[in-house]
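Undergrad:
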Amino acid sequence: MKIISPCRIHMGLIDMNGSVGRIDGGIGATLDHPNCEISGKESNEIEIQFSNSIINNTPEEDLKSLHDRIYHSSKNVLKEIGQEGVYLKVNDVIPAHTGLGSGTQVSLSTGKLTSSIYGYDLDAYSIAKLTGRGGTSGIGVSGFEFGGFIVDGGHSFGKSGEKTDYRPSSASKNVKPAPLLFRHDFNWEVVLTIPKIPTEEQVSDKKEVDIFKKYCPVPEDYVNRFCRLVLMKMMPAVIENNMESFGECINEIQGLGFKGAEVQLQNSTLKNLLKHLQNTSYSGLSSFGPTIYSLGDKKEIMEQSKEFFDKEGLDGEIIVSKGNNTGYKLI
0 MKIISPCRIH MGLIDMNGSV GRIDGGIGAT LDHPNCEISG KESNEIEIQF
50 SNSIINNTPE EDLKSLHDRI YHSSKNVLKE IGQEGVYLKV NDVIPAHTGL
100 GSGTQVSLST GKLTSSIYGY DLDAYSIAKL TGRGGTSGIG VSGFEFGGFI
150 VDGGHSFGKS GEKTDYRPSS ASKNVKPAPL LFRHDFNWEV VLTIPKIPTE
200 EQVSDKKEVD IFKKYCPVPE DYVNRFCRLV LMKMMPAVIE NNMESFGECI
250 NEIQGLGFKG AEVQLQNSTL KNLLKHLQNT SYSGLSSFGP TIYSLGDKKE
300 IMEQSKEFFD KEGLDGEIIV SKGNNTGYKL I
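Each residue of the sequence shown is one higher than the one before, starting from 0 at the first, in numbering that gives the first Met the number 0.
(1) Does the region 182-195 come close enough to the region 305-319 to have 3 or more Cβ pairs within less than 8 angstroms?
(2) Where do the ends of the beta strand (DSSP E) carrying Ile-13 lie?
(3) Measuring CB to CB, does Ser-285 end up less than 8 angstroms from Gly-295?
(4) Hey, how far is the Cα of Leu-331 from the Cα of Gly-25?
(5) What's the C-alpha gap between Ser-42 and Leu-129?
(6) Nearest CA to the CA of Gly-153: which residue from Ser-320, Arg-21 and Gly-259?
(7) Taking the alpha carbon of Gly-147 as the point to measure from, which residue in Tyr-86, Val-237, Ile-80 and Ser-115 has its own alpha carbon closest?
(8) With a threshold of 16 other CB atoms inside 10 Å of the CB of His-9, please say whether the residue is buried or exposed.
(9) How big is the Cα-Cα spacing for Ser-64 and Thr-103?
(10) For Tyr-415, which option in Pro-178, Gly-139, Ser-159 and Lys-297 has the closest C-alpha, if you only look at C-alpha atoms?
(11) In the structure shown, what three-state DSSP assignment does Leu-397 receive?
(12) Which residues mark the beginning and the end of the alpha helix (DSSP H) in which Pro-218 is found?
(13) Classify Thr-163: buried if its beta carbon has 16 or more other beta carbons within 10 angstroms, exposed otherwise.
(14) Just tell me which of Ser-267, His-275, Gln-265 and Thr-268 has its CA closest to the CA of Asn-250.
(15) Helix, strand or coil for Ile-196? Go by DSSP, reduced to three states.
(16) Flag this pair as yes or no: are the beta carbons of Ser-106 and Ile-93 separated by less than 8 angstroms?
(17) Where DSSP assigns a beta bridge to Ala-28, which residues make up the other side?
(18) Residue range of the alpha helix (DSSP H) that Lys-88 falls in?
(19) Does the region 171-182 come close enough to the region 250-265 to have 3 or more Cβ pairs within less than 8 angstroms?
(20) Excluding the 5 residues preceding and the 5 following Asn-16 in the sequence, name in chain order all residues of the same chain whose CB lies nearer than 6 angstroms to its CB.
(21) Check the DSSP bridge columns for Val-319 and list the partner residues they point to.
(22) Measure from the alpha carbon of Lys-305 to the alpha carbon of each residue in Val-189, Ile-69, Thr-325 and Leu-272, then state which is nearest.
(23) Would you list, in sequence order, the uninterrupted alpha helix (DSSP H) runs of no fewer than 4 residues that lie entirely inside the region 219-255?
(24) Rounded to a whole number of angstroms, what is the C-alpha to C-alpha distance between Pro-289 and Gly-246?
(25) Where does Ser-141 land, buried or exposed, given buried means 16+ other C-beta within 10 angstroms?
(26) Note the first and the last residue of the continuous alpha helix (DSSP H) segment covering Ser-331.
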């Protein structure tokens, strides 16, 4: 049995103010490529194998982290369904630390495949609880299950709420995944420009936790504007297939609320790359980056990305992808 799950671009957290009694909430979309692919079968113990391409192209520390994530995800699901082991071969993964949701997708893929091998039909939300995913953004969880453009409803906030402070998903392990508010097919092609950023300049783990503490709550005016753009412009634009209207929102929200903080915390090269691409396309930072996603003339976007890479002496990838509207595929 084999599972293939999509990556996701995370366009922004809607409300990191909390004055109405909820925080988080997210907008994003799933894409066909890059993706996560794992095959598996029954076993008496947990066995994990990686393809040669993953072994050869993944730093040792990241490979160990990936192994541990898969091991614990499978172990938690096996305990839930009353089984002892599973054999898993990881054929392909979404690049880690790029803002494309690699951690959530590999955890959910592991859980779904493990349970399915033994005939159990656990949904993404059940697996997310077992594997500790979706504690802040619900885009990865709902995207895994359904695909498409997603808006989630965040979490109750305050003394009696699900959350009492502002935290990233990595530090929100015991919070249930956010409810799905809106889902629609996402039919546009997207260019992913992924520059290689030094590890010390990447935003993850403790750095991410500290950023949430420092920049939240964000001013209510920013949240109000963000909400209006999502409800009255982005969602209708997706339904009406109006890329220009949707793209105008993408460009504007790069300076709004928590997304504005995410952008401003990037190094100057990445910020300049975003501005460079916005000259000829609709471009935004996915999560904490470094991936920049762009809508528009794909040939022009690729040329502009290559031009910037050459000018700045940057290494990286430029990937043309398209909306995924099915979520995971079990084969």
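Each residue gets a CB set at the ideal place from its N, CA and C atoms; glycine is no exception.
TA: According to the structure shown:
(1) Yes, they touch.
(2) Under the DSSP assignment, Ile-13 falls in the beta strand (DSSP E) whose first and last residues are 1-14.
(3) No Cβ-Cβ contact shorter than 8 angstroms links Ser-285 with Gly-295.
(4) Past the boundaries of the shown model lies residue 331; the chain is included only from 0 to 330, so the question cannot be answered.
(5) Cα to Cα, the separation comes out at about 20 angstroms.
(6) The shortest Cα separation from Gly-153 among Ser-320, Arg-21 and Gly-259 belongs to Arg-21.
(7) If we check each option's Cα against that of Gly-147, Val-237 comes out closest.
(8) A residue is called buried when at least 16 other Cβ atoms come within 10 angstroms of its Cβ; His-9 meets this threshold and is buried.
(9) Near 13 angstroms, if we compare the C-alpha coordinates of Thr-103 and Ser-64.
(10) The structure shown does not extend to residue 415, since the chain is modelled only from 0 through 330, so no value can be given for it.
(11) Nothing in the structure corresponds to residue 397, since the chain is present only between 0 and 330.
(12) Premise fails: Pro-218 is in no alpha helix (DSSP H) and is neither H nor E.
(13) With fewer than 16 other Cβ atoms from the protein chains shown falling within 10 Å of its own Cβ, Thr-163 counts as exposed.
(14) Selected option, being the one with the closest Cα: His-275.
(15) Ile-196 falls in the coil class under three-state DSSP.
(16) No.
(17) In the DSSP assignment, Ala-28 is bridged to Ile-8 and Phe-148.
(18) For Lys-88, there is no enclosing alpha helix (DSSP H); the residue is found in the beta strand (DSSP E) stretching over 84-91.
(19) No, they do not touch.
(20) Cβ within range, chain order: Pro-216, Val-217, Glu-219 and Val-222.
(21) The partner list for Val-319 (beta bridge, DSSP) reads Val-190.
(22) Comparing Cα positions, the closest option is Leu-272.
(23) Whole alpha helix (DSSP H) segments, 4+ residues: 219-228, 234-238 and 242-252.
(24) Those two C-alpha atoms are separated by around 19 angstroms.
(25) Buried.
(26) The structure shown does not extend to residue 331, since the chain spans only 0 to 330, so no value can be given for it.
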